[in-house]
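A.B. asks: Residues 0 to 409 (numbering that gives the first Met the number 0) make up the sequence shown, in order.
We put the beta carbon where it would ideally sit given N, CA and C, even for glycine.
Since we're looking at a predicted model, the values are computed, not measured.
Take a look at this one; I'll ask things after.
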Amino acid sequence: MSTESHILVIDDDPDIAKAARLLLERHGMRVSIAANPEAAWVLLAGEPIDVILLDLNFARGRTTGEEGFAMLDRLIAADARAVVIVVTGHSGIAVAVRAMRSGATDFVIKPWNNERLLTTVERGLALRRAKLETAATPPVHDGILLGESAGITRARDLVARVAPTAAPILIHGAAGTGKTLIARLVHQASPNASLPLIMLDAEAADAAVIAHQTAAAAGGLLVIDHIDRLPRALNGVLLSALDGIRVIATTRLDRTGVRGAIGEDLLDRVGTIEITLPPLVDRAGDAVLLARHFLALFAYRHGKPLGPLDADAVQAIAADRWPDNVRGLRQTMERAVLLGNGETYAVGDLLLSPGTAEPLSLAPDLSLARNEETLITAALERHAFNVSRAAAQLGLTRAALYRRMARYGL
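This is the structure we're talking about:
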């Protein structure tokens with residue numbers, strides 16, 4: 000944490016937000032203001048926030064606090080160590096108590112007493128420091144649960160509910176949807192976050208590897224990557240080694256496919272809770288929200304100016320099928336930040352086609368070699384000539400891709 004404490008105020012009332020800013024800045028704190036959730040997520044992506052002051056009724060004319068509770072759930076799901084102080088009206092004691100049961104650290108009643116607000120924020124800062132000092136790793140949300148579509152909302156709600164428990168979890172999702180990041184997020188929100196998180200690559204496992212990794216994960220968390228690729232002969236070995244270990248398994252298959260691959264007994268052991276991460280193409284509206292989040296994140300990280308997406312870029316992002324899902328979008332936006340001028344991000348900065356963002360089509364009269372060269376060139380350009388990522392998209396090994404690049408002079 001920096002020496003200057005950073006407070007985020009989420010409130011649509013500019014007078015309330017200004018009053019909080021003046022008070023806290025007089026006491027040496029830095030204050031940022033967001034009038035809505037989208038603005039808040041951009042600020043959260045840009046740099047660390049120590050304490051969040053969240054008005055439960057930040058949408059004008061609302062009094063139930065439901066929009067505030069939705070934001071609170073998202074904040075806690077994104078960072079289990081977030082310190083959120085809720086702000087509510089003088090008649091909102093019951094609402095404030097409910098918020099604390101949902102993960103808020105404390106509450107302040109409007110109109111507040113300045114001394115009370117200052118004391119509450121300082122107490123929150125002390126708690127944040129303690130949480131970070133005892134944590135094994137920094138928060139790893141990186142926008143992975145950001146979005147408003149039904150699928151990601153369900154996933155976010157499940158993560159918030161089951162992360163603090165010891166329940167085993169099976170995460171379904173295509174490549175690039177964030178399965179491993181979700182596993183790390185769950186671990187950070189668990190009671191055993193200070194204990195090790197151990198990875199097991201099921202496809203490369205043998206009996207000795209299973210014995211070593213499960214022993215290392217004792218008391219902590221074992222993440223089994225691609226559990227459906229575990230050699231069938233090792234199912235019993237793994238099952239017997241999982242006693243006393245919390246397990247999160249990942250797969251690209253649905254439940255039926257996993258059952259066929261690993262059998263009912265092992266599936267029952269690892270699949271008490273199942274979370275499905277939808278592909279980005281099925282998350283209507285989320286791609287643009289995520290793109291803006293990643294722009295803010297990488298502009299801050301790389302010290303670049305943060306300009307807006309122009310209309311064509313927004314249309315292209317919304318229309319693209321994003322075969323590499325959130326990972327591909329993240330890489331695209333980082334590349335745009337690094338290569339763009341930062342004033343405005345256009346389609347050319349994204350290397351996407353404007354409007355429809357149709358998949359690459361090949362003329363029927365091209366030769367097989369020419370088709371292959373075109374596909375390889377497109378994959379390399381899409382991944383900024385990162386050979387490993389281009390090879391993965393094409394289904395080739397790095398060595399095979401290098402041979403083809405040499406053949407075509409790429």
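Going along the chain, which unbroken runs of the alpha helix (DSSP H) with 4 or more residues stay wholly within the stretch 244 to 316?
C.D. replies: DSSP runs (the alpha helix (DSSP H)) wholly in the stretch 244 to 316: 254 to 261, 263 to 269, 285 to 300.
A.B. asks: For I226, which option in N191, L237, A217, G219 has the closest C-alpha, if you only look at C-alpha atoms?
C.D. replies: Looking up residue 226 in the sequence shown gives position 227. The residue with the shortest Cα to Cα distance from I226 is L237.
A.B. asks: Report, in whole angstroms, the separation of the C-beta atoms of R29 and E3, which I expect to be a contact under 8 Å.
C.D. replies: The residue given as residue 29 occupies position 30 in the sequence shown. The residue given as residue 3 occupies position 4 in the sequence shown. Their Cβ separation, rounded to whole angstroms, is 5 Å, which keeps R29 and E3 in contact under 8 Å.
A.B. asks: At what residue ranges does the stretch 37 to 116 contain a whole run of the beta strand (DSSP E), taking only runs of 3 or more?
C.D. replies: Listed in chain order, they are 50 to 54, 83 to 88, 105 to 109.
A.B. asks: Quick one: using the 10 Å Cβ neighbour count with 16 as the cut-off for buried, is G302 buried or exposed?
C.D. replies: The sequence position of residue 302 within the sequence shown is 303, counting from 1. It counts as exposed.
A.B. asks: Output the boundary residues of the beta strand (DSSP E) element that contains H5.
C.D. replies: For the purposes of this step, residue 5 is taken as residue 6 along the sequence shown, with counting starting at 1. Segment 5 to 9, the beta strand (DSSP E) holding H5.
A.B. asks: Going by DSSP in three states, S239 sits in which element: helix, strand or coil?
C.D. replies: Along the sequence shown, read from residue 1 onward, the residue named residue 239 stands at position 240. S239 falls in the helix class under three-state DSSP.
A.B. asks: Do V50 and L124 count as a contact pair if the criterion is CB distance below 7 Å?
C.D. replies: The residue labelled residue 124 in the question sits at position 125 within the sequence shown. The residue labelled residue 50 in the question sits at position 51 within the sequence shown. Yes, Cβ-Cβ distance for L124 and V50 is below 7 Å.
A.B. asks: If I'm right that G177 touches P277 with Cβ under 8 Å, what's the distance once you round it to whole angstroms?
C.D. replies: Taking the sequence shown and counting its residues from 1, one reaches residue 177 at position 178. Taking the sequence shown and counting its residues from 1, one reaches residue 277 at position 278. In fact, because the Cβ distance is near 11 Å, the residues do not count as touching under 8 Å.
A.B. asks: Can you pull the DSSP bridge partners for S31?
C.D. replies: One-based indexing of the sequence shown puts residue 31 at position 32. Looking at the DSSP assignment, S31 forms a beta bridge with L7.
A.B. asks: Please classify A399: is it buried, with 16 or more other beta-carbons within 10 angstroms of its beta-carbon, or exposed?
C.D. replies: Locating residue 399 in the sequence shown gives position 400, counting from the first residue. Result: exposed.
A.B. asks: Going by DSSP, which residues form a beta bridge with G172?
C.D. replies: As a working note, residue 172 is residue 173 in the sequence shown. BP columns for G172 point to L276.
A.B. asks: So, is the C-beta of T104 closer than 7 Å to a C-beta in chain C?
C.D. replies: Absent from the structure is chain C; it holds one protein chain and no more.
A.B. asks: Within 10 angstroms of its Cβ, does P36 collect 16 or more other Cβ (buried), or is it exposed?
C.D. replies: If you number the sequence shown from 1, residue 36 lands on position 37. By the 10 Å Cβ count, P36 comes out buried.
A.B. asks: Nearest to A317 by alpha carbon, out of L279, A188, V336, L337?
C.D. replies: Walking along the sequence shown from the start, residue 317 turns up at place 318. Checked all of L279, A188, V336, L337; the closest Cα to A317 is L279.
A.B. asks: Going by the CB atoms, is the gap between L233 and Q212 shorter than 7 Å?
C.D. replies: Along the sequence shown, one-based indexing puts residue 212 at 213. Along the sequence shown, one-based indexing puts residue 233 at 234. Going by C-beta atoms, Q212 is not nearer than 7 Å to L233.
A.B. asks: Can you find the residues in the same chain that come closer than 6 Å, C-beta to C-beta, to D323, ignoring five residues on each side of it along the sequence?
C.D. replies: Indexing the sequence shown from 1 puts residue 323 at position 324. Cβ within range, chain order: G175.
A.B. asks: Look up D200 in the DSSP assignment and give the residues it is bridged to.
C.D. replies: Numbered from its first residue, the sequence shown carries residue 200 at position 201. Looking at the DSSP assignment, D200 forms a beta bridge with D224.
A.B. asks: Beta-carbon within less than 8 Å of R251's beta-carbon, same chain only, minus the 5 sequence neighbours each way: which residues are those?
C.D. replies: As a working note, residue 251 is residue 252 in the sequence shown. Around R251: H171, G172, A173, A174, H225, D227.
A.B. asks: Can you tell me whether G327 is buried or exposed, with buried defined as 16 or more other CB within 10 angstroms of its CB?
C.D. replies: Here residue 327 refers to the residue found at position 328 of the sequence shown. With 16 or more other Cβ atoms within 10 Å, it is buried.
A.B. asks: Just to confirm, is the Cβ distance from V86 to V120 under 7 Å?
C.D. replies: Here residue 86 refers to the residue found at position 87 when the sequence shown is read from its first residue. Here residue 120 refers to the residue found at position 121 when the sequence shown is read from its first residue. Cβ distance not < 7 Å, so V86 and V120 don't count as in contact.
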